[in-house]
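Numbering (our numbering), first residue to last: 4 to 667.
Backbone N, C-alpha and C fix where the C-beta goes; we use that ideal spot for every residue, glycine too.
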């Protein structure tokens, strides 16, 4: 049946989200994606050996089909009992009463009503067989002559088939989700507007339509558990310094109603700081204050708020060296397979993570309502991206994820207020070359991500188009795709698909990190284990134009979420640059490295043309410098640096390339 195809696609999406390594997620792929033992091997199809034709076929089979006028008819709403608040709390058992009223065209015998709770973030699966188990669901019809049969169709999906007389307009079904003593477990992350999706197959042909106004509930955070203090990495003497303070719950959710003072402990003399910052309990746990950078130096701010205490990332006050703009260029909301609304995504990026640059990149095809098929969702993303953009302070980029299961995933970034969703499932735009052709002359970039595997590897047989693809995302919540010997290597890596393999092919790619987070927390850095991703963009201009210029010139480096300051130059050539060399010549250059850690540093390594050629133990220092001569450099070589911290934080510089004069 048609709904089974859609459900299987959603289930696959949930499994791939789980494989991202988020806390508490299962890395196993679902049984639904495996062929039965007796099935013949699938036919050989063109494309890379890593291609997931099974997933693409599902996406195409689940594309919009002709619908009966009764599909998606009716309305539904949520009723809270008098003893229940209008909201729920994350990761807690609760009971939800959903009323569905049949529309004017009714529902035929054999038709169905379906309850789909979010398949991504830990909601209990609705079930009707075990009253004592989580997710037990009761269905109460408005008339005793309504006959029906309910059963769990898949994870988080309950089907209610009409087996007796057809339902007519204004008949009702009351669905009590969490009716048993164990209730139903809620989302593991806080979010506004978490949907209880109601779908209706009005004529029983297996094609369902979701009610666009399906009921929703706000999922509130847990109690205060984490204090986050974030400052810029580089400022000039005399400048104002924004200090962002955020009180979060244990899942790093914002919206915590914290009231009290955050006090600066032993504030450094080189910064003019207020003594404390007051939270009145109505700010959602988010406040900012300002300091003035009086004297050059490296500073770390210690802050205490109630029983919580935290230290900021390092702040370097210096007239020299480029500014570091911190960006998360890849993340998801509930508009695909993530958590929360686009508006809340940007609030978190600006006011919690204190990012300089951010992009929301929901999937073109993945989730309940594919972005490529729902222009109203894309309009809302465009509107929120434009609304939050504040040149000079906070740069937002319009984006989406081109989710190709054949050539690998890329996110597309536009550096203006508009641009189309280019469909990776459509045959006209299902290859990288067709994607780049569709971008035309727009100011845009494509960034390949998790290239070494995880959900799917990048097909490096397709050379990156230098107009659009100057950098690759080598680290995210999935892990590192730098090399097999990388810190926290990606799960399920595929040999030959690491970023280092792409460099060995002669591709000139810079390195960035980004979160690929689906929890509504752009810019977050989780520890134990360390996971995340950030792009450190070296630009004096906090504008779209400045960011685009820096990325095109590969003036960037990657971290796994830690705000490590990394300076690298080979001779006089900075990160991402090309050292000119005459044909057949050899060079000797000095590699200069300075690193300022956000935690004690463990090791610094130099990678030359595919091999680690130098390394030093940093033995817990917070800062380190290195000057190392590299001899016999030849055209076509490349050099980069990677750093590891004691808390699992890591950073990778973009390579510096050796090339013939005039080469870029």
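Taking DSSP as the reference, what is the three-state secondary structure of residue 56?
Translated into positions along the chain shown, residue 56 becomes position 53. The answer is helix: DSSP assigns residue 56 an H, G or I state.
Does chain B have any CB closer than 9 Å to the CB of residue 601?
Reference to chain B is not applicable here, since this structure consists of a single protein chain.
Where does the unbroken beta strand (DSSP E) through residue 592 begin, and where does it stop?
The count along the chain shown starts at 1 and reaches residue 592 at position 589. From DSSP, the beta strand (DSSP E) with residue 592 extends over 590–599.
To the nearest angstrom, how far is it from the Cα of residue 704 to the Cα of residue 582?
Nothing in the structure corresponds to residue 704, since the chain is present only between 4 and 667.
Looking only at its own chain, which residues have a Cβ that is under 8 Å from the Cβ of residue 503, when we skip the five neighbours before and after it?
The sequence position of residue 503 within the chain shown is 500, counting from 1. Result list for residue 503: 485, 486, 610 and 613, in chain order.
Based on the DSSP output, what are the partners of residue 645 in its beta bridges?
Looking up residue 645 in the chain shown gives position 642. According to DSSP, residue 645 bridges with 608 and 655.
Classify residue 318 as helix, strand or coil using the three-state DSSP reduction.
In the chain shown, the residue the question calls residue 318 occupies position 315. Residue 318 falls in the strand class under three-state DSSP.
So the beta strand (DSSP E) residue 402 belongs to, where does it begin and stop?
Counting from one through the chain shown, the residue named residue 402 turns up at place 399. It spans 398–407 - the beta strand (DSSP E) in which residue 402 sits, taken as one unbroken run.
In the DSSP assignment, what are the bridge partners of residue 301?
Position 298 of the chain shown, counting from 1, holds the residue named residue 301. Beta-bridge pairing links residue 301 to 319.
Out of 637, 234 and 253, which has the shortest C-alpha to C-alpha gap to residue 305?
Taking the first residue of the chain shown as 1, we reach residue 305 at position 302. Nearest C-alpha to residue 305: 234.
Do you know whose CA, among 228, 432, 400 and 274, lies nearest residue 246's CA?
Residue numbering aside, residue 246 sits at position 243 when the chain shown is read from its first letter. Of the candidates 228, 432, 400 and 274, the one whose C-alpha sits nearest the C-alpha of residue 246 is 274.
Tell me the rounded alpha-carbon separation between residue 179 and residue 72.
Mapped onto the chain shown, residue 179 falls at position 176. Mapped onto the chain shown, residue 72 falls at position 69. So the alpha carbons of these two residues sit roughly 27 Å apart.
Measure the C-alpha to C-alpha separation of residue 279 and residue 311 and round it to an integer number of angstroms.
In the chain shown, the residue the question calls residue 279 occupies position 276. In the chain shown, the residue the question calls residue 311 occupies position 308. Using only the alpha carbons, I get a separation of about 14 Å.
Tell me which residues share the same chain as residue 553 and place their Cβ nearer than 7 Å to its Cβ, disregarding the 5 neighbours each side in the sequence.
One-based indexing of the chain shown puts residue 553 at position 550. The residues are 540, 541, 542 and 559.
For residue 211, does the count of other Cβ atoms within 10 angstroms reach 16, so buried, or fall short, so exposed?
Taking the first residue of the chain shown as position 1, residue 211 is located at position 208. By the 10 Å Cβ count, residue 211 comes out buried.
Beta-carbon separation of residue 516 and residue 561 under 9 Å?
As a first step, residue 516 must be located in the chain shown, where it is residue number 513. As a first step, residue 561 must be located in the chain shown, where it is residue number 558. For residue 516 and residue 561, yes; Cβs fall inside 9 Å.
Is the stretch 446–464 touching the stretch 405–419 in the sense that three or more CB pairs, one from each, lie closer than 8 Å?
Enough Cβ pairs lie closer than 8 Å, so yes.
Roughly how far, in whole angstroms, is the beta-carbon of residue 511 from the beta-carbon of residue 660, given that I think they are within contact range, below 8 Å?
Locating residue 511 in the chain shown gives position 508, counting from the first residue. Locating residue 660 in the chain shown gives position 657, counting from the first residue. Residue 511 to residue 660, Cβ: 6 Å. Contact.
Once the 5 residues before and after residue 441 are set aside, which same chain residues still bring their CB inside 7 Å of it?
Reading the chain shown from its first residue, position 438 is the one you call residue 441. Same-chain partners within the cutoff: 425 and 432.
So, helix, strand or coil for residue 105, using DSSP?
Against the chain shown, residue 105 aligns to sequence position 102. Here residue 105 sits in coil by DSSP.
Using alpha carbons as the reference points, say which of 249, 438, 607 and 131 lies closest to residue 357.
On the chain shown, position 354 is the one that residue 357 refers to. Selected option, being the one with the closest Cα: 249.
Considering only the alpha carbon of each residue, which of 655, 533 and 91 lies closest to residue 81?
Here residue 81 refers to the residue found at position 78 when the chain shown is read from its first residue. Ranking 655, 533 and 91 by Cα distance to residue 81 puts 91 first.
For the putative contact between residue 161 and residue 153, defined by C-beta atoms under 8 Å, what is the C-beta separation to the nearest angstrom?
Counted from its first residue, the chain shown places residue 161 at position 158. Counted from its first residue, the chain shown places residue 153 at position 150. So it is a contact: roughly 6 Å between Cβ atoms.
Enumerated in chain order, which unbroken segments of the beta strand (DSSP E) with a length of 3 residues or greater are wholly contained in the stretch 526–558?
You should have 537–541.
Name the residue from 118, 334, 577 and 98 whose alpha carbon lies nearest to the alpha carbon of residue 78.
One-based indexing of the chain shown puts residue 78 at position 75. With distances taken between Cα atoms, residue 78 lies closest to 118.
Relative to the alpha-carbon of residue 537, which residue among 197, 572 and 483 has its alpha-carbon at the smallest distance?
Locating residue 537 in the chain shown gives position 534, counting from the first residue. Ranking 197, 572 and 483 by Cα distance to residue 537 puts 483 first.
Does the contact criterion of 3 or more C-beta pairs under 8 Å hold for the stretch 189–209 versus the stretch 338–348?
At 8 Å Cβ cutoff, the stretches touch.
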